[in-house]
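Protein chains in written order, with numbering that gives the first Met the number 0: chain V, 0 to 248; chain C, 0 to 259. Let me begin by presenting the structure, written as structure tokens, before commenting on it.
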Amino acid sequence: MNPVGDPAIRLDGVSKSFGALKVLDNVTLDVAGGTAFCLLGRSGTGKSVTLKHIIGLMKPDRGHVIVHGKKIDELKKPELTEVRRSMGFLFQNSALFDSISVGENVAFPLRRHTDWDAAKIRKAAQDKLADVGLDKDFDKMPGDLSGGMKKRAGLARAMALDPDILLVDEPTAGLDPMTAHEIDDLLLDLKKKGTTLVVVTHNIPSARHIGDELAMLHEGTLIARGTAAELDGSQNELVRTFMRSEGAG
Amino acid sequence: MYARVGAAIIAALAWVGEVSLFGLRALREAFRPPYEVGEVVRHVYEIGWRSTPLIGLSGFAIGIVLSMHTRASLERFGAEAMIPAGLAIALIRETGPLVTGLLVSGRVGAGIGAELGAMKVTEQIDALEASAVDSFKFLAVTRILACILAMPLLTLVMDFCGIVGGFLAETTISGMSWQLYFQRAFSLVEFDDFIPATMKTAVFGMIIGTIACYLGFTTTQGTEGVGRASTRSVVLASMMIIMSNVVLVKLIFFFFPAKV
Chain V
0 MNPVGDPAIR LDGVSKSFGA LKVLDNVTLD VAGGTAFCLL GRSGTGKSVT LKHIIGLMKP
60 DRGHVIVHGK KIDELKKPEL TEVRRSMGFL FQNSALFDSI SVGENVAFPL RRHTDWDAAK
120 IRKAAQDKLA DVGLDKDFDK MPGDLSGGMK KRAGLARAMA LDPDILLVDE PTAGLDPMTA
180 HEIDDLLLDL KKKGTTLVVV THNIPSARHI GDELAMLHEG TLIARGTAAE LDGSQNELVR
240 TFMRSEGAG
Chain C
0 MYARVGAAII AALAWVGEVS LFGLRALREA FRPPYEVGEV VRHVYEIGWR STPLIGLSGF
60 AIGIVLSMHT RASLERFGAE AMIPAGLAIA LIRETGPLVT GLLVSGRVGA GIGAELGAMK
120 VTEQIDALEA SAVDSFKFLA VTRILACILA MPLLTLVMDF CGIVGGFLAE TTISGMSWQL
180 YFQRAFSLVE FDDFIPATMK TAVFGMIIGT IACYLGFTTT QGTEGVGRAS TRSVVLASMM
240 IIMSNVVLVK LIFFFFPAKV
């Protein structure tokens, strides 16, 4: 676990292009350990790409991504795998393994990375599903779940190994307000336990609720960064407009 | 015109190069821990055991047809006694391995291409990586190894069922006893006929697994891309099996010259 305050994640001048399309342009930011960092911005501005850089699913064209003091973009596969064990990732579309049950999805990281027996793994997976309100859905297949339930199951899987760093892509998109609030509270609980959160969201109320620090990406560039109050009073009209869009979700 | 043809040839060679590197990487990774033994066994079951009905029935039908054709040819020379041996050699040396390869490329190649393609476009492969699992090893290496292991076993099933089918056809027409049929069938078959021809199907398995996994891993453009990966897996694997068979047969003749 990273000590609170120390940078757990640092992006140092990261640029990324897909063909002629520049998605990230010299992005530099750091996230203190044990805090919640919310990344805001319109669709297609590079927020999810930023998360994928942090966990090493993408490599920057320029710059470096540093997690727990290690340059992710320079690590070899075994070392990268080791760092990833301390991270959890909730994908925008949940990305549940559709050939196994919801419970097995959550149990999967535990089977791979612990030497626990089957009963202990099942109990731990059930507990994680209970945290997200899916304790009765252990044996259902992902295809039988609604979009919101899939999202919650994905979050349970991301939390399975109690990661130091949790990367969350649109945790409340498609959820009803009650469930969205419950997910926010769950993320806050994780933060209180010392988990570093990086949350990509369009949901401004949610970002205000859980974020210690917020940042806004626009056309691949970080145009604002600070507390919610600081972004509310930003000199940039675009940032102020975005922060006023309370209903976005 | 020449430039376009040249560019197409270069693109095709580059593709073959990429697929070859993918396959070689899979072979290298197969010998590095962690060994995904459980996954390999599961895929041998999925790819091998669950292909058995298709392979067995096809072999049986091919045996009957081959027997009828062989009879029609050998009858002209009064050499009906050679029918079992001719059929067994044809099946074991060429028909069994090649048809097994083509059938498995249809059933398994399409399945792997579609499954991995769907996993790719729904970010399940990324999710595996994010779960600190080497997706290449977990998904591709295990399937390629399973194809390599399952193909020779399926070829044995094809050969056996083909010879049984040939016996049924022969005994129906000529009333030949099974003891005499099998004695004649294996009278000319030696290990040099059997081992290289059967083992070459491991190469077919490598081709099927590698092409299907490569196309699955490189799928783009959503569900349309998944369909394309599935179709191309079958077409390209079948084509590569037929083309590689030429080289493999030549190699077998080179290393086992007594059988030429």
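The beta-carbon is built from N, C-alpha and C at its ideal position, and this holds for glycine as well.
Chain C within 9 Å of residue i, Cβ atoms only
i	result
A117(V)	no
P59(V)	no
N1(V)	Residue confidence for N1(V) is low, a pLDDT of 49 falling below 50, so the modelled location carries little weight; the figure read from the coordinates is stated next. No, because no Cβ of chain C sits closer than 9 Å to the Cβ of N1(V).
K191(V)	no
R243(V)	no
I164(V)	no
D97(V)	yes
K92(V)	Strictly speaking, residue 92(V) in this sequence is Asn, with Lys absent from that position. Taking Cβ atoms only, chain C reaches closer than 9 Å to N92(V), which makes this a yes.
H67(V)	no
G87(V)	yes
R9(V)	no
F17(V)	no
Reduced DSSP secondary structure (H/G/I, E/B, other) of residue i
i	result
D143(V)	helix
L133(V)	coil
D11(V)	strand
S16(V)	strand
D175(V)	coil
A94(V)	coil
K75(V)	coil
N1(V)	Low confidence applies to N1(V): its pLDDT is 49, below 50, so where it sits in the model is not reliable, and the reading given next is rough at best. It is coil, neither helix nor strand.
K258(C)	Because K258(C) sits at a pLDDT of 49, beneath the cut-off of 50, its placement in the model cannot be relied upon, and the following sentence gives the value as read from the coordinates. In the structure shown, K258(C) sits in a helix (DSSP, three-state: H, G or I).
A131(C)	coil
T240(V)	helix
G225(V)	strand
F36(V)	strand
H208(V)	helix
A247(V)	Note that A247(V) scores 47 on pLDDT, short of 50, meaning its location in the model is unreliable; the coordinates nonetheless yield the value given after this. The answer is coil: DSSP assigns A247(V) none of H, G, I, E or B.
N244(C)	helix
T219(C)	coil
M215(V)	strand
H112(V)	helix
T99(C)	helix
Chain V within 9 Å of residue i, Cβ atoms only
i	result
V132(C)	yes
Q220(C)	no
Q178(C)	no
E122(C)	yes
L23(C)	no
A80(C)	no
E128(C)	yes
A89(C)	no
A29(C)	no
A13(C)	no
F117(C)	A small correction: the amino acid at residue 117(C) is Ala; Phe does not occupy that position in the sequence shown. So yes, A117(C) belongs to the interface.
D192(C)	no
Cβ-Cβ distance between residue i and residue j below 9 Å
i	j	result
S233(V)	I203(V)	no
G58(C)	M175(C)	no
G193(V)	E212(V)	no
I120(V)	M86(V)	no
A10(C)	T209(C)	no
A179(V)	A155(V)	no
D183(V)	T171(V)	yes
I46(C)	V98(C)	no
V198(V)	S205(V)	yes
D231(V)	M242(V)	yes
G37(C)	A113(C)	no
T149(V)	S98(V)	The question names Thr, but residue 149(V) is Lys in the sequence shown. No, Cβ-Cβ distance for K149(V) and S98(V) is not below 9 Å.
L50(V)	L38(V)	yes
G32(V)	P59(V)	no
L144(V)	D136(V)	yes
A157(V)	L166(V)	yes
M57(V)	V48(V)	yes
V103(C)	I207(C)	yes
L90(C)	I61(C)	yes
L115(C)	A228(C)	yes
Inter-residue CB distance, residue i and residue j (contact presumed, cutoff 8 Å)
i	j	result
G95(C)	T154(C)	6 Å
C212(C)	A117(C)	About 13 Å; that fails the 8 Å criterion.
A152(V)	N104(V)	6 Å
A184(C)	H42(C)	Their Cβ separation, rounded to whole angstroms, is 33 Å, which puts A184(C) and H42(C) out of contact at 8 Å.
Worksheet item: Can you find at least 3 beta carbon pairs, one from the region 109-123 of chain V and one from the region 122-136 of chain C, that sit closer than 8 Å?
Response: yes
Practice prompt. Mind the definition here: the region 18-29 of chain V touches the region 206-222 of chain V only if three or more C-beta pairs lie below 8 Å; say whether that holds.
Written response: yes
Worksheet item: Quick check: the region 78-94 of chain C against the region 182-195 of chain C, are there 3 or more CB pairs under 8 Å?
Response: yes
Worksheet item: Just checking, does the region 161-170 of chain C make contact with the region 62-81 of chain C on the three C-beta pairs under 8 Å criterion?
Response: yes
Discussion item. Whether or not the region 0-10 of chain C and the region 109-124 of chain C are in contact is what I'm after, with contact meaning three or more pairs of Cβ atoms, one per stretch, closer than 8 Å; do they touch?
Written reply: no
Practice prompt. Count the C-beta pairs between the region 131-150 of chain V and the region 72-87 of chain V that are closer than 8 Å, then say yes if the count reaches three, no if not.
Written response: no
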